[in-house]
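Okay, structure first, notes after.
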Amino acid sequence: MFKRAVSAPYVFTAFTGASESNLYVYTSSDATNFSLLKGPAYTPPTGLIRDPSVILHTDGKYYIAYTTNWSGTNFAIASSTNLQSWALVATISTASSLITPVNTWAPEFFKDPKTGKLNIIVSLSTGSYGPFLPYVFTATDSTLTKWSGPTVLSGISNAGLGYIDTFPVFFNNQYHLFTKAESNGQKHIEHAVSSSLTGPYSFTQTGDFAGWGQAEGPCVTVLPNGKFRLYADGFNSGKYIYSDSSDLYNWSAYQTLPALSGTVRHGTVLKQ
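At position 126 of the sequence shown (counting the first as 1) the number is 1467 in the working numbering, and the numbers step up by one without a gap.
Okay, structure coming up:
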């Protein structure tokens, strides 16, 4: 068994309101109070580094998948042994016979407990800035340089501007998606459920069901007490918020993330 590069149980990778070209890495012992480990920790050779999703892989390295630009047909993956120095691993094309996207946003790592396979859920649009739908890519080798896909997550509507920032959680033998309704006048994180990763999904909670207001970039981690915590980037509010639940349906009133609210933007919290 490999030794973790940092002892803190929680790792948070994000970009900031000041720069969408630099990665910032934070750690925490309680998933509430985060301190800066390194920032900027990585500036990609080209493009941006928005929406970085972090995992600790089976090879003992950390990997991030991230948005490379506001428009385009790829996302990128970088790796690190210590969370502080990073190197580009691969740039993954999202174009296929199924779709040639105009926008490729918010790739999110997800290891499927049912199959053991590592996936990336990414938001792809067929027009400029919408409509978006979530698609899944699946790693076909352990180096994370080869991926199959995209496969659309069925049951999600692309009406209006569709859905972006889709984050999956596996719980009670079901796949739960927390995904942002992107259409104007909405901009809320909604909740859909399926018995299969690729769907079909049914929305069980829509609109501002949890009182989070307009928010985006959700991610979910597990707290030391076993409860779930959802973090989100307040849409136009300047806040970074969190909310807790024991069942993924009933959520506590949101709070702002101490020290980092107003600084960090859409990122992912890893419990390692």
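Even glycine gets a Cβ: it sits at the ideal position worked out from N, Cα and C.
Kindly give me the distance between the Cβ atoms of residue i and residue j, rounded to whole angstroms, as I take these residues to be in contact under 8 Å.
i               : j               : result
aspartate 1392  : tyrosine 1407   : 6 Å
serine 1464     : isoleucine 1505 : 4 Å
tryptophan 1427 : alanine 1382    : 6 Å
Exposed or buried, what is residue i when buried is set at 16 or more other beta-carbons lying within 10 Å of its beta-carbon?
i              : result
tyrosine 1590  : exposed
glycine 1413   : buried
threonine 1441 : exposed
threonine 1409 : buried
serine 1421    : buried
glutamine 1546 : buried
glycine 1401   : exposed
Do residue j and residue i have their beta-carbon atoms positioned less than 8 Å apart in this structure?
i                  : j                  : result
glutamate 1531     : phenylalanine 1511 : no
alanine 1556       : glycine 1579       : no
phenylalanine 1541 : serine 1495        : It is proline, not phenylalanine, that sits at residue 1541 in the sequence shown. Cβ distance < 8 Å, so proline 1541 and serine 1495 count as in contact.
proline 1559       : phenylalanine 1508 : yes
valine 1605        : threonine 1399     : no
glycine 1608       : threonine 1354     : yes
Please determine whether the Cβ atom of residue i lies at a distance below 7 Å from any heavy atom of the ligand COA.
i            : result
proline 1386 : Judged by which ligands are present, the structure shown has none, so any question about the ligand COA falls away.
For residue i, does the three-state DSSP call read helix, strand or coil?
i                  : result
alanine 1500       : coil
threonine 1467     : coil
glycine 1567       : coil
phenylalanine 1550 : coil
serine 1574        : Contrary to the premise, residue 1574 reads as aspartate rather than serine in this sequence. In the structure shown, aspartate 1574 sits in a strand (DSSP, three-state: E or B).
valine 1443        : coil
proline 1599       : coil
valine 1347        : coil
proline 1491       : strand
Alpha carbon to alpha carbon, how far is residue j from residue i? Give it in angstroms, no decimals.
i               : j                  : result
leucine 1364    : threonine 1373     : 20 Å
glycine 1526    : glycine 1548       : 10 Å
lysine 1521     : valine 1347        : 32 Å
isoleucine 1396 : glycine 1468       : 30 Å
proline 1599    : glutamine 1425     : 23 Å
serine 1586     : glycine 1501       : 30 Å
tryptophan 1488 : phenylalanine 1450 : 12 Å
arginine 1570   : lysine 1452        : 18 Å
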